[in-house]
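Mapping to full-length UniProt numbering: the sequence shown position 110 is 110, numbers consecutive. In this text, a Cβ means the ideal position worked out from N, Cα and C, and glycines have one as well. Note that the structure is predicted; figures quoted are calculated from it, not measured.
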Amino acid sequence: MARTVRAVGRSIKLQRTHRSRRRAHRRCVRVGFLNMNGARRTQKWAELYRALEEEGMSVMQVAETHFRDEEQPPIHQDWCWTGQNRSGNDRKGGGVGLLWRRGLRWKRQYGECRDHLWAVGELLGVPTAVCVLYLSVVSTHQAANAELLACVLNDARKVGQGPRNNHYRRFQWSRN
1 MARTVRAVGR
11 SIKLQRTHRS
21 RRRAHRRCVR
31 VGFLNMNGAR
41 RTQKWAELYR
51 ALEEEGMSVM
61 QVAETHFRDE
71 EQPPIHQDWC
81 WTGQNRSGND
91 RKGGGVGLLW
101 RRGLRWKRQY
111 GECRDHLWAV
121 GELLGVPTAV
131 CVLYLSVVST
141 HQAANAELLA
151 CVLNDARKVG
161 QGPRNNHYRR
171 FQWSRN
């Protein structure tokens, strides 16, 4: 079996060739990121789901959903959602989430932090951790961004180790 990892713009494509007696089968997983720039309108979600189908995406990270507290997006029957919304007085923008195709196994890793979330799952049998985060581009938020990045690095250590029962011990971090 051959495994290839390619970074193409904002998406990562993993391919594995499976050999059988008759023919080779190729499986492809596409992971993407999209800044929603406000996602409270149903029409925007309909366009997103249409694009996900056209592009053959498996996992999509979204940022700047602008959802507050307990708001949820309209969920398509073929997709699962988890999100980290802004609370009542949080800054403008913000809100992140993860969409994955139904049938894939992803589990949200809960923490006390806002403006980012972690999820773990598998892509073509490879244990994978995904972090979706929102960094402000306003210069007055540099201190908040530095705090957020420190929190993400701290979380990365925890997610990489997995729970105490070593359920994710096969997960390996790469510096490349």
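Shown here, asparagine 145 sits in a helix according to DSSP, grouped into three states. Here the alpha carbon of phenylalanine 33 sits roughly 20 Å from the alpha carbon of glycine 103. In this structure, the alpha-carbon of serine 87 lies about 25 Å from that of tryptophan 79. When DSSP states are grouped into helix, strand and coil, glutamate 122 belongs to the strand group. Contact between tryptophan 106 and aspartate 155 does not hold, since the beta-carbon distance rounds to 16 Å and is not under 8 Å.
Looking at Gly94, Val59, Gln142, Leu52, the one whose alpha-carbon comes closest to that of histidine 116 is Gly94. With contacts defined by Cβ atoms closer than 8 Å, methionine 60 and leucine 99 form a contacting pair. Per DSSP, the unbroken alpha helix (DSSP H) holding glutamine 43 starts and ends at 42 to 55.
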